[in-house]
Amino acid sequence: GAVVSQHPSWVICKSGTSVKIECRSLDFQATTMFWYRQFPKQSLMLMATSNEGSKATYEQGVEKDKFLINHASLTLSTLTVTSAHPEDSSFYICSAPGSGSYYGYTFGSGTRLTVV
Amino acid sequence: AQSVSQHNHHVILSEAASLELGCNYSYGGTVNLFWYVQYPGQHLQLLLKYFSGDPLVKGIKGFEAEFIKSKFSFNLRKPSVQWSDTAEYFCAVNSGSGYALNFGKGTSLLVTP
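So this is what it looks like as structure tokens:
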């Protein structure tokens, strides 16, 4: 079945540095990738939608300059948290829609970001 | 505005008890409905989904859900829960294939032996 590989699983970084999170579709082409953020004990909140070859679409309230999204190929989408601060600490998850009759969604395993 | 509501935030059940988790949505037009489960330390897994057809949907691990259009509901059920069902359950909705999912706040289920 469709698999999305997300790396790293967890990362600790210093305040002010940048962190890149990668999501790769391993056995299918993901023209679209959704990026979510999940706070502890809360739901997943959509941050942005990336489309291969075009600019990402950000949800209201999400800073485009802080959360840089790139969808360089049909199998790779990246989220870079720039100038990270402790309040950016969270669980970030990517998801790609399925194809064909499945119409499901495949989720990455998530990245736990801790900014100290 | 489009929204998804899960009524039960925390549920504690004994093994073999029956489970019903509520999910209501506020969407205009066509909807696709999903239930996902997130076991501790793991990523989201699809339990079941509804796009059209029979409103009673059967999923994995003995779960089922019923789409009641008139009530804008998609409640999740399981006749007899097991300790291994302890997890976070999320209801999600979108308005068509390829659209992002809108998640409810989740229900934390604890099944005690």
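Line by line, the protein sequences give chains A and B. Note that the working numbering gives residue 63 to position 63 of the first sequence, counting from 1, and the numbers run on in steps of one. Note that the working numbering gives residue 1043 to position 43 of the second sequence, counting from 1, and the numbers run on in steps of one. Think of the CB as a built atom: it goes at the ideal place given N, C-alpha and C, for glycine as much as any other residue.
Could you tell me the boundaries of the beta strand (DSSP E) in which residue i lies?
i	result
B/N1032	1032-1038
A/E22	19-25
B/S1026	1024-1026
B/E1064	1064-1068
A/W35	32-38
B/F1090	1087-1094
A/P97	90-97
B/S1073	1073-1078
B/T1112	1107-1112
B/A1100	Element bounds for B/A1100: n/a, residue is neither H nor E.
A/F107	105-107
A/S5	4-7
B/Q1045	1045-1050
Which term fits residue i, buried or exposed, when burial requires 16 or more other beta carbons within 10 angstroms of its beta carbon?
i	result
B/K1078	buried
B/G1096	exposed
A/D65	exposed
A/H85	exposed
B/Y1039	exposed
B/L1044	buried
A/V117	Examination of residue 117 of chain A is not possible in this model, given that chain A is present from 1 through 116 alone.
B/I1060	exposed
A/D88	buried
B/G1041	exposed
B/K1049	buried
B/L1056	exposed
B/P1113	exposed
A/I21	buried
A/S50	buried
Are the Cβ atoms of residue i and residue j separated by less than 8 Å?
i	j	result
B/Y1099	B/W1035	no
B/L1013	B/V1081	yes
B/H1009	B/S1108	yes
A/S18	A/V81	yes
A/Y92	A/L79	yes
B/F1103	A/L44	yes
B/L1046	A/G104	yes
A/L76	A/V11	no
How many whole angstroms separate the CB atoms of residue i and residue j, which I take to be in contact at a CB cut-off of 8 Å?
i	j	result
A/L46	A/F34	6 Å
A/S109	A/Q6	5 Å
B/S1026	B/Q1006	Between B/Q1006 and B/S1026 the Cβ distance is about 13 Å, and since that is not below 8 Å, they are no contact.
A/S95	A/F107	5 Å
A/L74	A/T32	Wrong, their Cβ atoms sit about 10 Å apart, outside the cutoff.
| Three or more C-beta pairs below 8 Å linking the region 68-77 of chain A and the region 1023-1033 of chain B | no
| query | Is the region 1014-1022 of chain B touching the region 48-60 of chain A, taking contact as three or more C-beta pairs under 8 Å? | reply | no
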